[in-house]
Amino acid sequence: MTPTYDKVHNRFKFNGLHFDHEDLKEVAYSLIKEGEPYEKVTGNFLIDWLNDDDYLIVHTSGSTGQPKPIKLKKQAMVHSAIATGDFFGLQPGDTALHCLPSYYIAGKMMFVRALVLGLEIDFVEPSTQPLFDYEKSYDFSAMVPLQLKHTINYIHNIKKIIVGGAMVTKPLLEKIKSSSSLFFETYGMTETVTHVALRQLESKAGKRQEFFNALPNVKFAQDDRHCLIINAPKLVKEPLVTNDIIDLKSETSFKLLGRYDNVVNSGGVKLFPEQIESKLQPVIKQRYIIAGEPDIDLGEKLILIIEGSIESTDDILKAIQELKTLDKLEIPKKIYTLNKFSETNTGKIQRKKTIKAVIG
Numbered sequence: 244m245t246p247t248y249d250k251v252h253n254r255f256k257f258n259g260l261h262f263d264h265e266d267l268k269e270v271a272y273s274l275i276k277e278g279e280p281y282e283k284v285t286g287n288f289l290i291d292w293l294n295d296d297d298y299l300i301v302h303t304s305g306s307t308g309q310p311k312p313i314k315l316k317k318q319a320m321v322h323s324a325i326a327t328g329d330f331f332g333l334q335p336g337d338t339a340l341h342c343l344p345s346y347y348i349a350g351k352m353m354f355v356r357a358l359v360l361g362l363e364i365d366f367v368e369p370s371t372q373p374l375f376d377y378e379k380s381y382d383f384s385a386m387v388p389l390q391l392k393h394t395i396n397y398i399h400n401i402k403k404i405i406v407g408g409a410m411v412t413k414p415l416l417e418k419i420k421s422s423s424s425l426f427f428e429t430y431g432m433t434e435t436v437t438h439v440a441l442r443q444l445e446s447k448a449g450k451r452q453e454f455f456n457a458l459p460n461v462k463f464a465q466d467d468r469h470c471l472i473i474n475a476p477k478l479v480k481e482p483l484v485t486n487d488i489i490d491l492k493s494e495t496s497f498k499l500l501g502r503y504d505n506v507v508n509s510g511g512v513k514l515f516p517e518q519i520e521s522k523l524q525p526v527i528k529q530r531y532i533i534a535g536e537p538d539i540d541l542g543e544k545l546i547l548i549i550e551g552s553i554e555s556t557d558d559i560l561k562a563i564q565e566l567k568t569l570d571k572l573e574i575p576k577k578i579y580t581l582n583k584f585s586e587t588n589t590g591k592i593q594r595k596k597t598i599k600a601v602i603g
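The numbering used here applies: residue 244 is where the sequence shown begins, and numbers increase by one.
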């Protein structure tokens, strides 16, 4: 029998204590009244989850456009929690570390998974370097790459960690390789109730996967732009057409190439900024993005925008030209610098605003 959103699993624990439906309401009111700012946000979410409405209003992150409120069915969130539980083999009584802000869908879903699956969840302040009991064993956690970067030396007792919200950098991938935990990069969005696919990263506990693999009850297709179409009837009623260009391996597996609206068409060749950015990581330490600038001969020429000041663009360009992983067409024609990138409240780069600040 499928769990419903109006029930709290009898094995659910919050910071070491059992709570039923009514008790949890009291906890929520207490958090709102007496808690720290991040706890007040959590209290408000719990009140909304425990009320009689069958939906929640959730805000998107704003990384690909203006942040906007959308309505999610609570039962769809339950189905998402069950799919994650099935994928990872989570059982009632398993332990989970929660260190994400409860304002956005990723943080809300950590609580929903605990409530639905009967997890024992420890909730700590969602900072860039979360403080938790490093000696306690956890079965599951979710982090953004910046959090993982700052806690990579302390997560040896967390068995499985999902990582999302931003690109996992190559230096972090190298550190993950020497860890004994299992790591999974996520693919998803607010509209799909967080992740619908996961890709295992290389560590001592597991091998690197090139393709993202679907959660249970999720299937993929692509349109004539080669963009991903998500079919997840338990999460969203209609197929969801994205702007993510993919290499479709099967109806349950794909490789992510880049955003359709980011593609640079230079001299008739389609260049994917996200792939080029990944290749540039060894030679640029600051944040940067690849973009296209109008060009009379090429239509668009490839440009590199670096955040902050640099000593010499010539030195960077020379280092880029020496990279063996780059194709000749992937070498930027011009380098710009910008004091500060535009970003969302969660620290994601807003590409369009940043590019506009440079080339108008």
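In this text, a Cβ means the ideal position worked out from N, Cα and C, and glycines have one as well. Predicted model only: the values in this text are computed from it and were never measured.
>> Give me, in chain order, the residues of the same chain whose beta-carbon lies closer than 6 Å to that of His302; leave out the 5 immediate sequence neighbours on both sides.
In response: Pro310, Pro312
>> As an exercise, report each continuous alpha helix (DSSP H) stretch of at least 4 residues that is fully enclosed by the segment 312-355, in chain order.
In response: 317-331
> If you draw a straight line from the C-alpha of His399 to the C-alpha of Ile548, how long is it?
Replying inline: 37 Å
> What are the boundary residues of the beta strand (DSSP E) that Val512 is part of?
Replying inline: 512-514
>> For a test of the three-state rule: what should DSSP assign to Gln443, helix, strand or coil?
In response: strand
>> Please return the same chain residues whose Cβ sits closer than 6 Å to the Cβ of Lys513, not counting the five positions on each side in sequence.
In response: Val506
>> Taking only three categories from DSSP, how would you classify Lys528?
In response: coil
> What three-state label does DSSP hand Gln465 in the structure shown?
Replying inline: strand
> In whole angstroms, what separates the C-alpha of Phe331 from that of Leu267?
Replying inline: 26 Å
> Any idea which residues DSSP pairs Phe455 with across the strands?
Replying inline: Phe497
>> Which residue marks the beginning of the beta strand (DSSP E) containing Glu428, and which one marks its end?
In response: 425-432
>> DSSP three-state label for Ala562, please.
In response: helix
> If you draw a straight line from the alpha carbon of Ile325 to that of Leu483, how long is it in whole angstroms?
Replying inline: 20 Å
>> Could you compute how far the alpha carbon of Asp365 sits from the alpha carbon of Asn294?
In response: 23 Å
> Do the CB positions of Phe383 and Lys413 come within less than 8 Å of each other?
Replying inline: no
>> Let me confirm a value: Gln443 is counted as buried when at least 16 other C-beta atoms fall within 10 Å, else exposed. Which label applies?
In response: buried
> For Ser380 versus Thr338, is the C-beta spacing smaller than 8 Å?
Replying inline: yes
> Taking just the CA atoms, how far does Pro459 sit from Leu289?
Replying inline: 26 Å
>> Going by DSSP in three states, Val506 sits in which element: helix, strand or coil?
In response: coil
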